[in-house]
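K.L.:
Please find one structure pasted underneath; my questions will follow.
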Amino acid sequence: MTQSTSEPNQFTIQNQAPQNQATDSSRQPLEVRHLSHDLRGPLNSILGFSELLLEGVEGPLNDTQSEDITAIRHSAQNLLQLINTVVDLSKLAADGLNLESVHVSLQEVLQKSQQVIKRETSVEFDVDLSQPMPLVSGDGDRIGQIILTVVRFYINSKKVNTISTHFEHDATDATLHLVASHLFISASELEELFELTVHVDAGGHSKLTPGGLELPLAWQLAAKQNGCLWVESQEDTGTTFFLKLPLFASE
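Numbered per our numbering, the sequence shown spans residues 198 to 448.
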């Protein structure tokens, strides 16, 4: 069995400030998190216009036009997701990402995540809702983001047709299992899943580690909520991501 619980390194993008730049509090080095609106705005416009075209606002589309606009929308969605990830990582590195700490129904979060995946792909996300799930403490939107990140990682492997869930808890924590029984991840890849690093070849070309940017972000989001995210993989049983979160303690 191979297992990864390693802590990712921090994400930083920052240019060195000019020597003559003022150091008052109203001026800060430019970072990705400051460009959130500028980066997302144009893509949201592309997504909005593509949705209108697909709805036939400008008239009916033939099959080729519909396929082309759908591809544009899909690419814009992927790029928007990447921008959101980079902005979140930048905010985390600057300790500027605020998360709620409230009672969260894992059952509701899983149901919402299931509906999102159903709209995106034919891969089955089999959510077991038969087990009673106590409330956990955290940020519901961010917990959903972690779950979707893991499920999309499975889907992008192109080797998974079904993803299942299991749930367990003790007196203090709840643990969600996200299982892909037919996917095996090698020990070398597993060690890097949560690492924010790149591989650079002799020609200077860089490639992200297997977890991309999203899994390191998911790891950090879990830790930010006093939880943890880890993964285990075996050739005979497949791969399981574990998301542990503290139970909500009512006052």
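C-beta atoms are modelled at their ideal positions from N, C-alpha and C, and glycine is treated no differently.
These numbers were taken from a predicted model, which means no experiment stands behind them.
Who are the Cβ neighbours of Ser354 in its own chain at under 7 Å, not counting the five residues just before and after it?
P.N.:
Cβ within range, chain order: Leu380.
K.L.:
Distance, Cα to Cα, Glu432 vs Ala420?
P.N.:
Roughly 28 Å separates the two Cα atoms.
K.L.:
For Asp323, tell me which candidate among Val376, Leu387 and Gly238 has the shortest Cα-Cα distance.
P.N.:
The shortest C-alpha separation from Asp323 is found at Val376.
K.L.:
I need the straight-line Cα distance from Asn295 to Leu418, nearest angstrom please.
P.N.:
Each residue's Cα considered, the two are about 11 Å apart.
K.L.:
DSSP three-state call for Pro329: helix, strand or coil?
P.N.:
Looking at Pro329 - three-state DSSP - the assignment turns out to be coil, as it is neither helix nor strand.
K.L.:
Return the CA-CA distance between Glu279 and Leu410, expressed in angstroms with no decimal places.
P.N.:
The residue asked about is misnamed: residue 279 is Leu in this sequence, not Glu. The straight-line gap from Cα to Cα measures roughly 8 Å.
K.L.:
Report buried or exposed for Val284, applying the criterion of at least 16 other Cβ atoms within 10 angstroms of its Cβ.
P.N.:
The residue in question, Val284, is buried, as its Cβ has 16 or more Cβ neighbours within 10 Å.
K.L.:
Helix, strand or coil, according to DSSP, for Leu418 in the structure here?
P.N.:
Correct three-state label for Leu418: helix.
K.L.:
Three-state secondary structure (DSSP) at Glu388?
P.N.:
Coil.
K.L.:
Which of helix, strand or coil does DSSP assign to Thr282?
P.N.:
Residue state, collapsed to three classes: helix.
K.L.:
Just to confirm the assignment, what range does the alpha helix (DSSP H) spanning Ile314 have?
P.N.:
From DSSP, the alpha helix (DSSP H) with Ile314 extends over Leu303 to Glu317.
K.L.:
In whole angstroms, give me the CA-to-CA distance for Pro443 and Pro331.
P.N.:
If I take the Cα positions, the gap works out to 10 Å.
K.L.:
Pick helix, strand or coil for Glu429, following the three-state DSSP scheme.
P.N.:
Note: Glu429 maps to strand in three-state DSSP.
K.L.:
Hey, how far is the Cα of Val333 from the Cα of Arg237?
P.N.:
Straight-line Cα distance between these residues: approximately 31 Å.
K.L.:
Exposed or buried, Gly400, counting other C-beta atoms within 10 Å across all chains shown (16 or more means buried)?
P.N.:
Its Cβ having fewer than 16 others within 10 Å, Gly400 is exposed.
K.L.:
Over what stretch of residues does the alpha helix (DSSP H) that includes Ile340 continue unbroken?
P.N.:
It spans Gly337 to Asn353 - the alpha helix (DSSP H) in which Ile340 sits, taken as one unbroken run.
K.L.:
By the three-class DSSP mapping on this structure, what secondary structure does Ser383 have?
P.N.:
Coil.
K.L.:
Measuring CB to CB, does His406 end up less than 8 Å from Glu389?
P.N.:
Going by the sequence as given, residue 406 is Thr instead of His. It is a contact, given that the beta carbons lie within the stated cut-off.
K.L.:
Nearest-angstrom Cα distance between Val254 and Ser247?
P.N.:
Approximately 10 Å between the Cα atoms of the pair.
K.L.:
Kindly indicate the opening and closing residues of the beta strand (DSSP E) around Asp323.
P.N.:
Here the beta strand (DSSP E) through Asp323 covers Glu321 to Asp323.
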